[in-house]
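Notes follow the structure.
Residue numbers (the numbering used here): 108 to 289.
Structure, rendered in structure tokens:
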């Protein structure tokens with residue numbers, strides 16, 4: 108379990124910086140899944156992040172410029188998990204308050220269903236809480252049953268459905284606590 112010693116009185120940037128110093132912890136049972144340990148993305152990861160995003164999202168993938176921003180904005184938590192010397196999964200958390208956004212989560216097709224997405228979601232939840240967010244939001248293609256199931260298991264619920272880029276998508280929210288409840 109990820110734990111943070113974060114003062115609620117610090118600025119968002121300070122709280123996020125403390126939270127982002129921590130790495131993912133193994134979230135998978137030995138022998139059944141791949142233990143996930145992540146790190147902050149670096150500018151040298153840009154080409155690999157763009158390639159991963161294209162493999163996962165095709166024409167809807169982020170541009171290299173968007174990934175550069177995700178890696179260089181200090182308040183954002185862009186996390187990668189490496190396997191066999193390559194980036195196998197990545198996520199981008201934007202810790203806006205009171206509602207943080209899991210702006211991207213991508214797992215290479217050959218590494219899916221091994222716990223990497225689960226570890227990234229859990230990490231995003233912990234980082235958003237550490238930044239004092241009350242909610243965590245994300246968007247997902249409605250037809251992506253694997254991802255939708257993962258998010259539901261992690262406590263997300265559909266808040267709205269919408270049509271975008273030729274497919275039905277949905278926004279999902281998870282309450283993290285704060286003044287609105289636990």
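Ideal Cβ positions, reconstructed from N, Cα and C, are used throughout, including at glycine.
Check, Outcome
"Given 8 Å, three or more beta-carbon pairs between the stretch 161-174 and the stretch 201-208", "no"
"Cβ shell of residue 159 (< 7 Å), same chain only, five flanking positions each side left out", "194, 197, 213, 215"
"Top-ranked residue by Cα proximity to residue 271, from 150, 166, 145", "166"
"At least 3 beta-carbon pairs within less than 8 Å: the stretch 220-236 vs the stretch 254-270", "yes"
"Alpha-carbon spacing of residue 200 relative to residue 218, whole angstroms", "21 Å"
"Beta-ladder partner(s) of residue 211, from DSSP", "199"
"Residue 242, buried or exposed, once every other Cβ within 10 Å from all chains shown has been counted against 16", "buried"
"CA-to-CA distance, residue 261 to residue 99, given in whole angstroms", "With the chain running from 108 to 289 in the structure shown, residue 99 is simply not present."
"Simplified DSSP state of residue 151, which is helix, strand or coil", "helix"
"Bounding residues of the alpha helix (DSSP H) (the contiguous stretch that carries residue 231)", "223-237"
"Buried versus exposed, by CB contacts within 10 Å (16 or more), residue 183", "buried"
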